[in-house]
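*Asks:*
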Amino acid sequence: MAMDGGKYVVRQLNALLAKYRTMVRKGYACSNLSLSKTVSARSRVNRGNGRREYLLVVETLPGRSMFEVTVGQEDDSGAFGMLGDISRINMYGFQSYCTDDWRLKKHCYCVKKNWKSTGS
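If you read the sequence shown in the working numbering, its first letter stands for residue 146, the second for the next number, and so on.
Written out as C-alpha coordinates, the structure reads:
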(Lines of atoms letter the chains of each structure in order from A and count residues from 1; the text may use other names and numbers.)
(Lines give C-alpha, C1' and ligand atoms only; values in the text may rest on other atoms or scores of the structure.)
Protein backbone atom coordinates (compact mmCIF):
# COMPACT_ATOMS: atom_id res chain seq x y z
CA MET A 1 0.00 0.00 0.00
CA ALA A 2 2.68 2.53 0.95
CA MET A 3 4.41 2.32 -2.44
CA ASP A 4 1.10 2.58 -4.32
CA GLY A 5 0.09 5.57 -2.20
CA GLY A 6 3.46 7.20 -2.80
CA LYS A 7 3.14 6.74 -6.57
CA TYR A 8 -0.34 8.25 -6.42
CA VAL A 9 1.00 11.33 -4.60
CA VAL A 10 3.75 11.82 -7.19
CA ARG A 11 1.18 11.56 -10.02
CA GLN A 12 -0.84 14.28 -8.30
CA LEU A 13 2.26 16.47 -7.94
CA ASN A 14 3.13 16.04 -11.62
CA ALA A 15 -0.45 16.88 -12.62
CA LEU A 16 -0.24 20.09 -10.57
CA LEU A 17 3.09 21.02 -12.17
CA ALA A 18 1.67 20.38 -15.65
CA LYS A 19 -1.45 22.45 -14.95
CA TYR A 20 0.58 25.57 -14.15
CA ARG A 21 3.51 25.02 -16.52
CA THR A 22 2.97 28.43 -18.16
CA MET A 23 3.82 30.10 -14.83
CA VAL A 24 7.52 29.25 -15.26
CA ARG A 25 10.13 31.62 -16.72
CA LYS A 26 10.84 31.25 -20.44
CA GLY A 27 13.48 28.64 -21.19
CA TYR A 28 12.79 26.68 -18.00
CA ALA A 29 10.44 23.95 -16.86
CA CYS A 30 9.53 22.15 -13.67
CA SER A 31 11.10 18.72 -13.84
CA ASN A 32 8.83 15.70 -13.89
CA LEU A 33 9.10 14.16 -10.42
CA SER A 34 9.60 10.50 -9.61
CA LEU A 35 9.17 8.64 -6.34
CA SER A 36 12.48 8.00 -4.61
CA LYS A 37 10.88 6.33 -1.59
CA THR A 38 7.96 6.36 0.77
CA VAL A 39 9.61 7.51 3.99
CA SER A 40 6.66 6.70 6.25
CA ALA A 41 3.05 5.61 6.09
CA ARG A 42 0.68 5.69 9.05
CA SER A 43 -2.84 4.37 8.69
CA ARG A 44 -6.07 4.90 10.55
CA VAL A 45 -9.76 4.30 10.00
CA ASN A 46 -11.94 7.41 9.86
CA ARG A 47 -14.63 6.83 12.50
CA GLY A 48 -17.11 9.00 10.63
CA ASN A 49 -17.15 7.10 7.35
CA GLY A 50 -15.13 3.95 7.97
CA ARG A 51 -12.70 4.87 5.19
CA ARG A 52 -9.02 3.96 5.57
CA GLU A 53 -6.71 6.99 5.57
CA TYR A 54 -2.93 7.16 5.28
CA LEU A 55 -0.57 9.92 6.35
CA LEU A 56 2.31 9.57 3.89
CA VAL A 57 5.74 11.15 3.76
CA VAL A 58 7.39 10.70 0.36
CA GLU A 59 10.73 11.70 -1.11
CA THR A 60 10.91 12.68 -4.78
CA LEU A 61 13.68 13.04 -7.32
CA PRO A 62 15.28 15.15 -8.52
CA GLY A 63 16.08 17.28 -5.50
CA ARG A 64 15.23 14.86 -2.69
CA SER A 65 12.10 16.88 -1.94
CA MET A 66 10.03 15.68 1.02
CA PHE A 67 6.24 15.93 0.98
CA GLU A 68 3.54 15.01 3.49
CA VAL A 69 -0.07 14.35 2.60
CA THR A 70 -3.11 12.44 3.80
CA VAL A 71 -4.82 10.18 1.27
CA GLY A 72 -7.91 8.04 1.57
CA GLN A 73 -8.36 4.62 0.00
CA GLU A 74 -11.63 3.10 -1.13
CA ASP A 75 -12.19 -0.39 0.28
CA ASP A 76 -13.94 -1.81 -2.77
CA SER A 77 -11.78 -0.41 -5.59
CA GLY A 78 -8.55 0.39 -3.75
CA ALA A 79 -8.51 3.81 -5.46
CA PHE A 80 -6.78 6.67 -3.67
CA GLY A 81 -8.07 10.20 -3.17
CA MET A 82 -6.46 13.34 -1.78
CA LEU A 83 -7.65 14.46 1.66
CA GLY A 84 -6.13 17.93 1.73
CA ASP A 85 -3.12 19.69 0.28
CA ILE A 86 0.35 18.30 -0.29
CA SER A 87 2.80 19.95 2.14
CA ARG A 88 6.51 20.43 1.49
CA ILE A 89 8.28 19.50 4.73
CA ASN A 90 11.91 20.23 3.87
CA MET A 91 13.44 23.45 2.59
CA TYR A 92 13.43 23.99 -1.16
CA GLY A 93 16.08 26.73 -1.27
CA PHE A 94 16.82 27.66 -4.87
CA GLN A 95 15.25 24.55 -6.44
CA SER A 96 12.26 26.59 -7.61
CA TYR A 97 14.16 29.65 -8.87
CA CYS A 98 12.31 29.62 -12.21
CA THR A 99 8.90 30.52 -10.78
CA ASP A 100 7.36 32.97 -8.36
CA ASP A 101 3.92 31.36 -8.61
CA TRP A 102 2.71 30.31 -5.15
CA ARG A 103 1.09 27.14 -6.55
CA LEU A 104 4.42 25.90 -7.90
CA LYS A 105 7.04 27.33 -5.56
CA LYS A 106 7.11 24.49 -3.04
CA HIS A 107 6.79 21.70 -5.63
CA CYS A 108 8.84 22.79 -8.66
CA TYR A 109 12.39 21.57 -9.33
CA CYS A 110 13.57 23.91 -12.09
CA VAL A 111 15.51 22.68 -15.10
CA LYS A 112 16.52 24.33 -18.36
CA LYS A 113 14.42 23.21 -21.30
CA ASN A 114 16.20 21.12 -23.92
CA TRP A 115 15.79 23.01 -27.16
CA LYS A 116 16.39 21.01 -30.31
CA SER A 117 17.78 22.98 -33.19
CA THR A 118 16.05 22.39 -36.49
CA GLY A 119 19.18 23.79 -38.15
CA SER A 120 19.35 25.17 -41.66
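A virtual CB, placed ideally from N, CA and C, is assigned to each residue, including glycine. A quick note: this is a predicted structure, and the numbers were derived from the prediction, not measured.
(1) Apart from the five residues on each side of it in sequence, which residues of its chain come closer than 6 Å, Cβ to Cβ, to residue 213?
(2) Once DSSP output is grouped into helix, strand and coil, what is the label at residue 156?
(3) Quick check: does the Cβ of residue 191 come within less than 8 Å of any heavy atom belonging to the ligand COA?
(4) Would you list, in sequence order, the uninterrupted beta strand (DSSP E) runs of no fewer than 3 residues that lie entirely inside the region 171 to 258?
(5) Is the distance from the Cβ of residue 181 to the Cβ of residue 205 below 9 Å?
(6) Can you check which of these residues, 227, 237, 238, 256, is closest to residue 160 by C-alpha distance?
(7) Given this structure, state the Cα-to-Cα distance separating residue 162 from residue 218, to the nearest angstrom.
(8) Among 177, 248, 253, 245, which has the Cα closest to the Cα of residue 152?
(9) Roughly how many angstroms lie between the CA atoms of residue 150 and residue 209, to the nearest whole one?
*Replies:* Walking through what the data contain:
(1) 202, 232, 234
(2) helix
(3) Among the ligands in the structure shown, none appear at all, so the ligand COA cannot be discussed.
(4) 173 to 175, 179 to 190, 197 to 206, 210 to 218, 225 to 227, 255 to 257
(5) yes
(6) 227
(7) 23 Å
(8) 177
(9) 18 Å
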